[in-house]
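Residue numbers (this note's numbering), protein chains in the order written: chain A, 3 to 545; chain B, 3 to 545.
Glycine included, every Cβ here is placed at the ideal spot set by N, Cα and C.
Here the structure is a predicted model, which means the values were calculated and not measured.
First up is the structure itself, then whatever we jot down about it.
2 protein chains.
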Amino acid sequence: MSRQPILSGLMQQNALTVDQFLSFAAQWHRDTEVVARQVGGSSERSTYGEIASRARLLSGALLANGIQPGDRVATLAMNHIRHIEAWYGIMGIGAVCHTVNPRLFDEQIIYIINHAGDRILMADATFLPLVARILPHCPTIERILVIPDGSPETAAFATTDYDQFLVSAGDTQAPWGDFDESTACGLCYTSGTTGDPKGVLYSHRSNYLHALATLQHDFLNFSAQDVILPAVPMFHANAWGIAFSAPAAGSKLALPGARLDGASLHRLIEEEGVTFAAGVPTLWQGLLQHLEKTGGTLATVKRILIGGSACPPALMRALEDDYGVEVLHAWGMTETSPVATSNAPTRSTLSLPREARNAQALKQGRPMFGLGLALKDEDGGILPHDGRTPGHLLIRGETAASGYFKGAASIVDKDGWFDTGDIATIDTHGFVQITDRAKDLIKSGGEWISSIEIENAMMSHPKIAVAAVVGMPHDRWGERPLLIVQLKMGESAEADEMLSHLQDKIAKWWMPDVVRFVDAIPLAATGKIDKKVIRATMVGAAA
Amino acid sequence: MSRQPILSGLMQQNALTVDQFLSFAAQWHRDTEVVARQVGGSSERSTYGEIASRARLLSGALLANGIQPGDRVATLAMNHIRHIEAWYGIMGIGAVCHTVNPRLFDEQIIYIINHAGDRILMADATFLPLVARILPHCPTIERILVIPDGSPETAAFATTDYDQFLVSAGDTQAPWGDFDESTACGLCYTSGTTGDPKGVLYSHRSNYLHALATLQHDFLNFSAQDVILPAVPMFHANAWGIAFSAPAAGSKLALPGARLDGASLHRLIEEEGVTFAAGVPTLWQGLLQHLEKTGGTLATVKRILIGGSACPPALMRALEDDYGVEVLHAWGMTETSPVATSNAPTRSTLSLPREARNAQALKQGRPMFGLGLALKDEDGGILPHDGRTPGHLLIRGETAASGYFKGAASIVDKDGWFDTGDIATIDTHGFVQITDRAKDLIKSGGEWISSIEIENAMMSHPKIAVAAVVGMPHDRWGERPLLIVQLKMGESAEADEMLSHLQDKIAKWWMPDVVRFVDAIPLAATGKIDKKVIRATMVGAAA
């Protein structure tokens with residue numbers, strides 16, 4: 003934070019700590035509801051006032067049980083009232099809330115719990131079988147708190163009921179905050195497809211600034227009239243900060259719990275009058291299928307924020323044209339808190355012809371104030387924002403990570419830039435489009451070939467279930483593209499049919515040299531294509 | 003900032019400095035326009051890219067001329083392109099931009115320039131006669147930069163042309179930022195009606211956080227599609243932060259210069275497609291009068307933010323019902339950066355019956371996230387939020403002042419609260435309503451009488467031009483209200499007629515004991531009733 007000031011302003015200085023979000027809501031939006039679906043489908047209802055009060059009890063119980071500032075407390079939980087309580091109860095006293103993703107493989111969960119050194123694990127009853135499997139391998143865990151979520155699962159090992167633990171220290175309303183704003187508050191591991199998971203350690207300051215920045219019109223834009231449905235899990239990339247930004251704006255929350263199917267989402271939307279929802283594309287595809295089947299509408303919904311992976315054009319069109327919902331495409335990553343860009347139109351893109359505007363809407367968009375983005379070549383040279391030149395996408399700002407938990411090295415370069423690992427273009431309107439992961443690029447004759455673009459072109463073939471493109475070693479060109487195809491059940495095809503489908507869709511020199519048909523393309527725990535496994539098991543055979 | 007962290011987050015930490023607002027806009031909204039009206043009525047057009055580039059030249063010239071971090075540079079200027087350049091050019095290098103209000107009396111301007119110790123004064127050509135009068139009494143000023151604003155005024159003393167000064171150090175693009183975020187960046191004196199003006203010294207951090215917080219939906223809510231007309235002057239209470247928040251959001255700016263009459267505002271709105279405007283009530287009353295005369299409309303305008311003084315119900319109704327403009331009533335003061343509350347509806351106030359909703363819309367509203375508000379009695383006891391119990395309104399937060407420039411004492415109490423000097427109620431929806439200035443309250447028999455409520459009740463009498471109510475000493479009750487009336491030109495009336503008008507509008511025991519008719523009620527430089535002068539010159543005679 004550089005030089006000492008010659009002349010300091012005469013303004014109040016309090017630490018920017020996240021407990022203030024809930025405390026603010028508890029005072030000014032005390033009776034505003036937070037509603038959550040139980041596993042059985044019934045609703046639990048609370049208010050910001052009640053949640054703040056219970057979260058302080060939890061803080062008191064954690065302190066009474068020896069949890070110190072800096073200690074890690076893990077959660078294995080879906081989006082519901084007690085998970086929000088837990089976040090604030092843990093963070094408010096300077097401890098670190100480690101959100102564990104229950105969708106990871108057991109060995110990954112064991113790795114990250116041990117790496118984090120979690121002392122307490124709070125788990126939804128639903129996840130007790132999972133806890134039973136991992137617990138013997140997690141020696142740092144001293145206590146399991148079971149969060150009642152309506153599931154009938156029980157444990158054959160020692161547990162404490164979350165609600166009983168909460169009142170175990172009496173009605174002590176533990177004090178919150180009053181520590182340095184750079185104090186760690188949240189820990190979220192990225193489940194990359196290369197190497198071990200890496201822990202992003204959010205600070206109170208970074209989460210505070212992120213939540214404030216995301217409240218801008220062209221990002222989350224919450225108001226005290228809104229009803230927010232965060233369908234993005236709280237264990238996924240900081241839940242896009244919604245557990246902080248919704249109370250800051252005084253918005254009502256409608257939490258889906260574990261019920262993320264189309265019918266459940268639609269019932270929640272209708273019953274609670276949801277105005278805004280956020281989640282990954284597959285959720286909204288499920289919702290659309292349900293609506294098509296039932297003839298349902300989205301009358302109360304004004305806006306859906308789609309992120310996590312690129313939004314299919316058909317999904318965007320259906321939501322906007324058939325259901326009158328404004329779709330905002332956003333991008334970010336665990337390391338960026340996560341919201342970094344959105345494709346909300348500007349005065350300049352609004353004046354484009356319809357077709358160009360549609361193309362614009364599919365890009366990842368422009369950065370949120372507070373973030374710097376740069377497009378650099380391999381030698382660190384700045385590349386033009388011409389919408390054509392791909393480069394390494396670097397990011398800088400208060401809400402971007404500087405390192406990984408217990409990581410040996412800083413992850414920013416000497417100028418403070420973090421390399422996202424993505425390859426992108428930036429156009430003259432300042433809109434970013436991600437064209438590939440850097441490690442998935444194929445370098446042929448010194449030029450880049452985007453594996454994602456070939457995959458996307460291939461996916462419109464009606465016989466294809468999944469397509470993956472990776473580089474294979476080549477004597478003359480260095481690397482050449484290898485296309486791996488998993489056909490839909492019962493289909494059959496030849497290599498020529500696949501390649502001719504690509505004919506007018508990609509540059510001639512991008513055309514895969516080899517096509518290989520497989521029964522199943524390997525997927526990682528998050529559902530993404532696992533190119534690490536493909537490279538290890540399928541490239542040698544083909545080359 | 004309290005205790006050192008046990009475990010720090012691993013997030014990037016850069017200082018929160020205001021230069022980033024313009025640098026961000028210059029990169030991501032480079033061609034977005036900033037338009038300003040010249041004195042003659044013609045328009046000057048620029049872009050965020052050009053303004054950032056010129057502001058850095060100005061920084062270079064200031065440094066070359068010996069301006070150091072912490073030095074004060076004053077501006078006497080309306081809202082136009084070069085004033086924005088000047089803010090960033092001065093603040094970007096850690097110097098302090100002191101915005102001088104040209105509407106103050108000469109002796110007040112002389113006082114604050116000397117108190118601030120300004121080294122350079124940048125003045126619109128329009129204000130050269132004013133500068134000629136004050137300059138002999140301002141020994142700290144080394145140089146006058148004349149900003150060309152289309153005015154024909156010239157100086158009979160040594161001046162430098164602003165545009166020539168800007169390029170005087172060559173094309174040095176001075177570096178910005180890289181200092182502690184608590185560094186002072188802006189100085190704005192409050193022109194209270196008691197005592198000498200007091201200087202609020204904003205920090206980079208406070209202005210950065212204020213701008214981010216005001217961008218929320220229920221406050222300024224700017225987007226990259228908006229065209230913003232800040233009709234609140236940049237010398238008035240930090241211009242509500244718009245010189246920071248508009249570039250952060252990538253909004254186009256339409257600056258009115260000195261042309262704030264209804265016809266000029268309307269022309270600017272029509273020509274530039276203004277979507278959002280902000281200013282004091284009298285400006286919009288002028289605009290409405292113009293529209294009524296000409297049959298004009300406000301087709302592009304979505305929202306008008308009204309602050310500075312309470313918004314008359316008739317004005318709000320006309321804008322909303324006759325012109326389809328959403329009106330947002332906001333409140334704040336120089337000491338609070340200034341935005342503190344807005345009356346944007348919540349889910350709970352929206353469900354009120356129409357009449358109650360209208361009453362709600364006239365209140366000052368609920369606080370912006372980041373601010374604490376408290377209602378306390380004279381002994382510091384917390385008062386209920388029942389909408390009836392008046393108390394001292396206290397404020398706490400990152401964007402509130404902790405002291406005055408060169409002031410001996412802190413202006414916050416031991417718990418960090420700043421006393422606004424206002425008396426207010428807070429209702430069950432969390433909406434604040436200011437009922438009086440504390441020093442203008444009349445204390446009768448141990449109970450408070452609101453001078454403002456009596457004045458407002460009186461103002462609906464058709465014969466009255468201005469009414470003022472102050473306390474006069476009373477043996478038995480301590481104080482009793484004295485009503486001072488200035489009738490409209492040519493009108494005459496007796497005391498009884500005045501008092502009977504109040505009959506059903508105020509409590510019986512609030513009825514003024516004495517009515518006094520005067521030719522002119524004394525006004526302060528800001529146009530507000532000067533109760534200090536009234537008390538000094540009119541109370542003794544009446545009592």
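Any C-beta of chain A under 9 Å from that of residue i
{"i": "LEU214 (chain B)", "result": "yes"}
{"i": "LEU9 (chain B)", "result": "yes"}
{"i": "CYS190 (chain B)", "result": "no"}
{"i": "LEU385 (chain B)", "result": "no"}
{"i": "ASN116 (chain B)", "result": "no"}
{"i": "ARG398 (chain B)", "result": "yes"}
{"i": "GLN14 (chain B)", "result": "yes"}
{"i": "ASN67 (chain B)", "result": "no"}
{"i": "CYS187 (chain B)", "result": "yes"}
{"i": "LEU211 (chain B)", "result": "yes"}
is_contact[residue i, chain B] using C-beta, thresh 9 Å
{"i": "TYR406 (chain A)", "result": "yes"}
{"i": "TRP89 (chain A)", "result": "no"}
{"i": "VAL37 (chain A)", "result": "no"}
{"i": "GLU274 (chain A)", "result": "no"}
{"i": "ASP415 (chain A)", "result": "no"}
{"i": "HIS268 (chain A)", "result": "no"}
{"i": "LYS254 (chain A)", "result": "yes"}
{"i": "PHE371 (chain A)", "result": "yes"}
{"i": "GLN287 (chain A)", "result": "no"}
{"i": "HIS394 (chain A)", "result": "no"}
Residue i: first and last residue of the uninterrupted alpha helix (DSSP H) it sits in
{"i": "ASP108 (chain B)", "result": "108-118"}
{"i": "PRO249 (chain B)", "result": "244-251"}
{"i": "ARG145 (chain B)", "result": "From DSSP, ARG145 (chain B) is part of no alpha helix (DSSP H) but of the beta strand (DSSP E) over 145-149."}
{"i": "VAL133 (chain A)", "result": "130-136"}
{"i": "VAL535 (chain B)", "result": "533-539"}
According to DSSP, residues forming a beta bridge with residue i
{"i": "PHE519 (chain A)", "result": "A:VAL487"}
{"i": "HIS238 (chain A)", "result": "Bridge partners of HIS238 (chain A): none, in fact."}
{"i": "GLN70 (chain A)", "result": "According to DSSP, which records beta bridges pairwise, GLN70 (chain A) is partnered with nothing at all."}
{"i": "TRP450 (chain A)", "result": "A:LYS445"}
{"i": "PHE278 (chain B)", "result": "B:ILE230, B:ARG305"}
{"i": "SER48 (chain B)", "result": "B:VAL36"}
{"i": "THR77 (chain B)", "result": "B:THR101, B:MET124"}
Unbroken beta strand (DSSP E) run spanning residue i, endpoints
{"i": "LYS92 (chain A)", "result": "Rather than Lys, the amino acid found at residue 92 (chain A) in this sequence is Ile. Taken as a continuous stretch (DSSP letters only), ILE92 (chain A) belongs to no beta strand (DSSP E), being part of the alpha helix (DSSP H) at 83-93."}
{"i": "SER446 (chain A)", "result": "444-446"}
{"i": "GLN435 (chain A)", "result": "434-439"}
{"i": "ASP21 (chain A)", "result": "Looking at the DSSP string, ASP21 (chain A) is not in any beta strand (DSSP E); the run it does join, the alpha helix (DSSP H), is 21-30."}
{"i": "ILE466 (chain B)", "result": "466-476"}
Beta carbon of residue i nearer than 9 Å to that of residue j
{"i": "ALA560 (chain A)", "j": "VAL41 (chain A)", "result": "Since the displayed chain A opens at 3 and closes at 545, residue 560 (chain A) lies outside it and no answer follows."}
{"i": "ALA426 (chain A)", "j": "MET335 (chain A)", "result": "no"}
{"i": "GLY62 (chain B)", "j": "GLN166 (chain B)", "result": "no"}
{"i": "ASN223 (chain A)", "j": "HIS219 (chain B)", "result": "yes"}
{"i": "GLU457 (chain B)", "j": "ALA470 (chain B)", "result": "yes"}
{"i": "ILE444 (chain A)", "j": "LEU395 (chain A)", "result": "no"}
{"i": "ARG305 (chain A)", "j": "LEU330 (chain A)", "result": "yes"}
{"i": "HIS85 (chain A)", "j": "ILE112 (chain A)", "result": "no"}
{"i": "ILE94 (chain A)", "j": "TRP30 (chain A)", "result": "One detail in the question is off: residue 94 (chain A) reads as Gly in this sequence, not Ile. No, the Cβ-Cβ distance between GLY94 (chain A) and TRP30 (chain A) is not below 9 Å."}
{"i": "ARG145 (chain B)", "j": "ILE122 (chain B)", "result": "yes"}
{"i": "ALA233 (chain B)", "j": "ALA279 (chain B)", "result": "yes"}
{"i": "SER247 (chain B)", "j": "THR216 (chain B)", "result": "yes"}
Any non-hydrogen atom of the ligand MN within 8 Å of residue i CB
{"i": "ILE92 (chain B)", "result": "The ligand content of the structure shown is nil, which means the ligand MN is not present either."}
Next item on the list: Let me know the alpha helix (DSSP H) ranges lying completely inside the region 290-349 of chain A, each 4 residues or longer, listed in chain order.
Entry: 315-319
Item checked: Ranges of the alpha helix (DSSP H) found wholly within the region 155-190 of chain A, counting only runs of at least 4 -> 164-168
Notebook entry, point to check: Which ranges would you report for the alpha helix (DSSP H) in the region 390-427 of chain A if only whole runs of at least 4 residues count?
Noted result: none
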